[in-house]
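Heads up: the sequence shown is residues -24 to -1, 1 to 237, going by mature numbering (1 follows the signal peptide of the UniProt record, and there is no 0).
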Amino acid sequence: MNTMKISYLLGCLALLVASGCVVETEDAELAEESADTQEATSEDTATAMQAISSVGDVGWSPGQPALGLGPSSDRVCFLTGIKGNFAASGDLIRVYVSNGSWYLSGSGPSGVAGWAACAYVTPFSGEYKWESGQNYPTALGSASKRMCFITRVSGSFNSTSDWVHLYGQSGQWFMTGESTASDVKFGARCVAAEYGLEKSWGNNDLGTYVGTSAGQSCGLTKISGNFDNSQDFLHCDRTTDSWYLTGKATSGSLGGRARLF
């Protein structure tokens, strides 16, 4: 049984306790785009740091309905990995809020897949966005006791020159990237939380130990390289007691970065 299927089954068992692993209709997913832009959830960066525990690390594959990740009232969800051939502007993996619940889903002609997890911490910001063609990074606000992570990614990743990155600079978070096909987009959200150092993985590396999974979650901050095969992947993988950043490149080069929070 492949690792994604195992992750999916184990994740659903855990999520059944909290949310029932419900799914949405396609109409609701399309309606989410409008709802997402109207989202006015604010965050208070002065909020006392909460003890953050994570739930899930579940997988979605082409042909499946959107995967329910639980209510948006008590958690924030984020991508922990992507997989497949990102070869066109319509190839998309995302986590999003619709009708008070989080979902993991994807679309596109090339057959992409992905993983997500959630952390019991609120409030969370609206979704910030960057797309190729911008001549400047998108500013996400303060980086002081405030963690930001990738929530969606789409477009063509055909070379080492294709990448997206969330980074801190001068006390602020920024998001930017590069796209040889000029069609890459990605989204990010932020929460009030302490966070760790950025850890890196490249396809010549073994799995990179990011840290313990006890009371901590792993959010992706950078994705880069050749996702040109159905078996190519980057994943912040949750084991029994640890998070590891790992992946596989069938050709070319892949890389990624992540932080614990």
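Idealized CB from N, CA, C, for every residue including glycine.
Below 8 Å CB to CB, which residues in the same chain sit around residue 20 once its five sequence neighbours on both sides are set aside?
-> Low confidence applies to residue 20: its pLDDT is 31, below 50, so where it sits in the model is not reliable, and the reading given next is rough at best. Counting only Cβ-Cβ distances below 8 Å, and skipping sequence neighbours, we find 99, 168.
Return the CA-CA distance between residue 228 and residue 90, expressed in angstroms with no decimal places.
-> The alpha-carbon atoms of residue 228 and residue 90 are separated by roughly 20 Å.
With distances taken Cα to Cα, identify the nearest neighbour of residue 64 among 200, 158, 38, 57.
-> Residue 64 has its Cα closest to that of 158, out of 200, 158, 38, 57.
Name the two residues that bound the continuous beta strand (DSSP E) containing residue 47.
-> 43 to 47 is the extent of the beta strand (DSSP E) around residue 47.
Counterpart residues of residue 202 in DSSP-defined beta bridges = When beta bridges are read from the DSSP output, residue 202 appears opposite 134.
Is residue 170 helix, strand or coil when you go by DSSP?
-> It is coil, neither helix nor strand.
Would you call residue 222 buried or exposed, if buried means 16 or more other Cβ atoms sit within 10 Å of its Cβ?
-> Taking a 10 Å sphere around the C-beta of residue 222, we find 16 or more other C-beta atoms and assign the residue as buried.
Cβ-based burial, residue 173 [other Cβ within 10 Å; buried from 16] | Exposed.
Would DSSP call residue 82 helix, strand or coil?
-> Assigned with DSSP and collapsed to three states, residue 82 falls in strand.
Using a Cβ-Cβ distance under 8 Å, would residue 151 count as near chain B?
-> Absent from the structure: chain B. Only one protein chain is present.
With residue 95 as the anchor, note down where its beta strand (DSSP E) starts and where it stops.
-> Following the DSSP letters along the chain, one finds residue 95 inside the beta strand (DSSP E) bounded by residues 88 to 95.
Inspect the beta-carbon positions of residue 154 and residue 137 and report whether they are closer than 8 Å.
-> Result yes, Cβ atoms of residue 154 and residue 137 sit closer than 8 Å.
Residue 150 by DSSP, collapsed to three states: which one?
-> Three-state DSSP puts residue 150 in a strand.
From 188, 211, 171, pick the residue whose C-alpha is nearest to that of residue 92; which is it?
-> Of the candidates 188, 211, 171, 211 places its Cα closest to the Cα of residue 92.
Count the CB pairs spanning the region 69 to 89 and the region 35 to 49 that are closer than 8 Å, and state whether there are at least three.
-> A contact exists between the region 69 to 89 and the region 35 to 49.
Go through its chain and collect everything with a Cβ distance to residue 49's Cβ below 8 Å, but skip five positions before and after it.
-> Within the same chain, and ignoring the five residues on either side of residue 49 in sequence, the residues whose Cβ sits closer than 8 Å to its Cβ are 76, 98.
Residues bridged to residue 129 [DSSP beta-bridge criterion] = For residue 129, the pairing in a beta bridge is given by DSSP as 69, 162.
Nearest residue (CA-CA) to residue 46, options 156, 58, 80, 66 | Out of 156, 58, 80, 66, 80 has the C-alpha closest to the C-alpha of residue 46.
Run through DSSP, which three-state label would residue 233 get?
-> DSSP places residue 233 in the strand class (E or B) of the three-state scheme.
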